[in-house]
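Right, one structure below, let's go through it.
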Amino acid sequence: MTEQDFAVPLEAPKYYRPDPSYRERSWIGDYQTAYQKFVSDPEAFWKARAAELDWFEPFDEVMQWDFPYARWYLNGKINITYNCLDRHVKNGRANKVALFWRGEEGEEKAYTYSQLLRQVCRLANGLKRIGVKKGDRVCIYMPVIPEQVVAMLACARIGAVHSVVFGGFGVNALNQRIRDSGSRVVITADSSMRRGKAIQLKPIVEEAVVNAPSVETIVVLRRDEPRVELHSEMEVDFEELMENEPHTCEAEVMDAEDPLFLLYTSGTTGAPKGIVHACGGYAVGTQYTTKYVLDVKEDDVYWCTADPGWITGHSYVVYGPLLNGATVFFTESTPDYPDAGIWWKLIRDYGISVFYTAPTAIRMFMRVGEEWPAKYDLSSLRILASVGEPLNPEAFEWFYHHIGGCRCPIVDTWWQTETGMHMITTMVGEPMRPGFAGQPIPGVFADVVDSDGNPVEPGNGGYLVIQQPWPSMLRGVYNNDERYRQYWTTIDSVYTATDLAVKGHDGNIMVIGRADDLIIVAGHNIGTAEVESALVSHEAVAEAAVIGTPDPVKGNQIKAFVILRNGQVGSDRLVSDLRYHVRMTVGPIAMPNEVEFVDSLPKTRSGKIMRRVLRAQELGMDLGDLSTLEE
Ligand code: PRX
């Protein structure tokens, strides 16, 4: 990022104003009024939000702040699955559909709240039978299928800490995450479906557990016929594990501060960070935001297109919507299979009313053309939402016109794995300014500051920070307290999101991008170091540096600069080999689009690669300050 990236649009702001009925009927009401009410008494605000959940034992205090460690809902006892399931079964939603799932070939599954509760209890009992206890880590590496959600909830039911790993990750990435978390059990499936082909997951797991001594059992859901063999002593069949188990399982009484899950996010050092979320505050934060930000109502059919393997899936496919007793639609299918109309067909067929997706998907659809959505009646849609990277004005306009029928508000939600819940957005019913995510939601104090922590004047850019703790904030980085402290010490006493942003004169915030060595490709955070170490692990490579270059659909793509070992010669064949190598070790999302062989890399005198220089060179920009360059 350079100074030029901070250019504030000079033209007069253009707003889109939803019909006033949206604000009148929304849970939040008028944004300013709601925000002022929060500011006047933050504690009362978060106490009231917590009261929307069922607690086994009430908390004594809303929050204790011992910088930089916050504890929320002290001594409160809760189980998130009790709130996601039992509560609704008891309160008249037993036969309401909780999950609608659709496979690539059109196969369907539906679970009512009472059916989902029973499945979760059976798997929870099965996990107990193989020795899983409260506090144990369980790795879930599965495709987007109902069993993935059941597995998450079954862990939470018994107090086991789930660590879901996105099913698109390769051997190394999975191995690192299993080892760091010390998972005792890995729950997986034989395969996942992608564009009509079964992608084998089990061989990846087999390789990934080789030097992961903590793993005692691998639970395998077998989808394919004929069924794959379970050969090792360690392997257990998913369905057999549940088969004879009782349909009830008492929800473990969890302290509000007990860990609920770990979720790894790319770091700048190569080692992914295990972000720790706690039971009580996470439940409150996701329940609140699903209801008040996405404005989910009793009759909505809600679809968030994220994979439950990412934080968006955790918070807004699984926990948030189920806490609200919503009907959740989700699918294993990719957006363009069998054709680019599939998502719009699904919206029509299932009557989706709240639709939450990512800018990269919107840009992909823009490219294939509006004739695809035009074929389908999308009038069931009520609210659109976006997450993962900046929603650029062109994508906003397209989404607004061609999907939302110039009727639906677009809720652009800024947040992170670390924040657990939405932080900045434009609330339903408020004027929307394309390109700007919006303002802090009630419950959040956020601002754009300079490197000393002073708020920038409107019209200027700086770092996006959160100034006070919030209930669903990360409680730590697993096994790495120093890294956790960095979030709060990089800029004195505030949480640094490591995003660059601009504050508009109207108070709206435009998020520009990362201030560190993460590249966001199609909404996924990729650590440059992770890709570089994968490249260097190839026998032909001596050194490597990767940068993000702009891509019209994916936001960024990855370009690698590679120095070969003596005696190795660059060739097209080697380029494909290297790309394949990254694909297998980190995963397809991290595969470089381009590989260039070079003789040297720009470095600082201390030997740190100056990716900024590579990027400027690549994009024909000013090289900036080169005083620390080695030569
Ligand atoms: O750079 C921001 C970008 O995604 C980062 C967080 O990535 P992750 O932890 O994987 O979580 C993604 C889903 C919450 C942020 O630091 N980001 C996320 N949402 C937005 C965004 N950038 C701009 N606008 C957004 N709405």
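Heads up: the sequence shown begins at 261 in the working numbering, then just goes up one per residue.
C-beta: ideal position from N, C-alpha, C; glycine also.
Using a cutoff of 6 Å, the CB of Gln676 counts as near the ligand PRX, since one of the ligand's heavy atoms is closer than that. Cβ-Cβ separation between Ile418 and Ala411: approximately 12 Å, too far for a contact (criterion under 8 Å). Sequence-distant Cβ neighbours of Tyr610 in its own chain, meaning closer than 7 Å and more than five residues away, are Phe360, Val561 and Phe589.
In the DSSP assignment, Met626 forms no beta bridge with any residue.
The C-beta distance from Trp325 to Pro669 rounds to 34 Å, too long to fall under 8 Å, and the pair is not in contact. For Glu657, the uninterrupted alpha helix (DSSP H) run begins and ends at Pro653 to Trp658, by DSSP.
Under the three-state reduction of DSSP, Arg455 is assigned to coil, being neither helix nor strand. Contiguous alpha helix (DSSP H) elements confined to the region 599-625 occur at 602-610, taking only those with 4 or more residues. By the neighbour-count criterion, in which a residue is buried when 16 or more other Cβ atoms sit within 10 angstroms of its Cβ, Ala789 is buried.
At least one heavy atom of the ligand PRX is found less than 6 Å from the C-beta of Asp759. For secondary structure counted as the alpha helix (DSSP H) over 4 or more consecutive residues, the region 281-329 holds these complete runs in sequence order: 291-300 and 302-310. By the Cβ criterion, the region 842-854 is in contact with the region 780-795, since at least three pairs of Cβ atoms, one from each stretch, lie closer than 8 Å. If the five residues before and after Val577 are omitted, its C-beta is found closer than 7 Å to the C-beta atoms of Cys564, Ala566, Pro568, Val588 and Phe590, all from its own chain and listed in chain order. Excluding its 5 nearest sequence neighbours in each direction, Ala805 has C-beta neighbours in its own chain below 7 Å: Glu792, Phe821, Leu861, Ile869, Arg871 and Leu874, listed in chain order.
For the pair of segments examined, the region 616-623 was found not to touch the region 632-639: the number of CB pairs separated by less than 8 Å stays below three. For Ala308, the closest alpha carbon among the candidates Asn826, Pro731 and Tyr747 is that of Pro731.
Taking one beta carbon from each stretch, the region 805-817 and the region 544-552 have fewer than 3 pairs nearer than 8 Å; the two do not touch. The Cβ atoms of Met687 and Val704 do not sit closer than 7 Å to each other.
Beta-bridge partners assigned by DSSP to Phe360: Ala370 and Phe589. Beta-bridge analysis with DSSP links His798 to no other residue.
Around the CB of Asp346, 16 or more other CB atoms lie within 10 Å, so the residue is classed as buried.
Contact between Val762 and Ile751 is absent: CB atoms are separated by about 17 Å, not below the 8 Å threshold. Going by beta carbons, Met681 and Gly545 fall inside the 7 Å limit. A straight line joining the alpha-carbon of Glu803 with that of Ala794 spans about 11 Å. Spatial neighbours of Ala472 in its own chain (CB-CB distance under 7 Å, excluding positions within 5 residues in sequence) are listed in chain order as Asn435, Ile438 and Arg439. Within the region 461-526, the alpha helix (DSSP H) runs of at least 4 residues that lie entirely inside it are, in chain order, 462-468 and 498-503. A straight-line Cα-Cα distance of about 13 Å links Asp279 and Gly289. Contact annotation: Val496 and Thr525 have beta-carbon atoms that are not nearer than 7 Å. In summary, Phe316 is exposed, with fewer than 16 beta-carbon neighbours lying within 10 Å of its beta-carbon over all protein chains present. Set against 6 Å, the gap from the CB of Arg693 to the closest heavy atom of the ligand PRX is not smaller. Judged by DSSP in its simplified three-state form, His537 adopts strand. Asn768 has its CB no nearer than 6 Å to any heavy atom of the ligand PRX.
As for any beta strand (DSSP E) of minimum length 3 sitting wholly inside the region 405-440, the runs are 421-424, ordered along the chain.
For Gln817, the closest of Ile779, Gly884 and Arg825 by C-alpha to C-alpha distance is Ile779.
DSSP, read as helix, strand or coil, puts Arg667 in coil. Within the same chain, Gly391, Val392, Asp396, Arg397, Val398, Ser474, Val475, Glu476 and Thr477 come within 8 Å of Arg444 by CB-CB distance, once the 5 residues on both sides are set aside.
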